[in-house]
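Numbering (this note's numbering), first residue to last: 354 to 472. Quick reminder that beta carbons are idealized off the backbone N, C-alpha and C, glycines included. Below is one structure, written out as structure tokens; the observations come after it.
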Ligand code: SF4
Ligand SMILES: [Zn+2]
């Protein structure tokens, strides 16, 4: 059975928050979204994250994230780590990670629509 890394209270794998010390284990209050946490306050998760290594992360907390929902170890097998997120959650996380590109694409579409409507 897992335990709280801060106070060692026994917890379930679906526990959202430690009942003893209040440490949060899941993001957005959802038992299916693990919140990864740096082992030491001084060390960023990004230092060992594959998305930092391949430069595909654009989260604002990078490169100093102490907690992150998308952290993936550089050494772990991506397929074997976690069950896939629900499709809606995958889309939501993808949009969060690529929000700059999404905003730019939206702006281009609006501009194109305005040009076409103006003719
Ligand atoms: S996904 Fe999270 S841990 Fe990984 S580089 Fe981005 S912010 Fe850092
Ligand atoms: Zn605790």
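Residue j beta carbon less than 8 Å from that of residue i
i           : j           : result
residue 366 : residue 358 : no
residue 388 : residue 422 : yes
residue 427 : residue 450 : no
residue 390 : residue 420 : yes
residue 453 : residue 411 : yes
residue 446 : residue 438 : yes
residue 371 : residue 364 : yes
Where residue i falls: helix, strand or coil (DSSP)
i           : result
residue 397 : coil
residue 389 : strand
residue 429 : coil
residue 366 : coil
residue 442 : helix
Assumed close pair residue i, residue j - CB separation to whole angstroms, cut-off 8 Å
i           : j           : result
residue 416 : residue 405 : 6 Å
residue 448 : residue 455 : 6 Å
Residue(s) in a DSSP beta bridge with residue i
i           : result
residue 356 : 363
residue 421 : 389
residue 402 : 426
residue 474 : Residue 474 is absent from the structure shown; the chain starts at 354 and stops at 472.
Touching or not, the segment 397-416 and the segment 374-387, by the rule of three or more beta carbon pairs under 8 Å? The segment 397-416 vs the segment 374-387: no contact.
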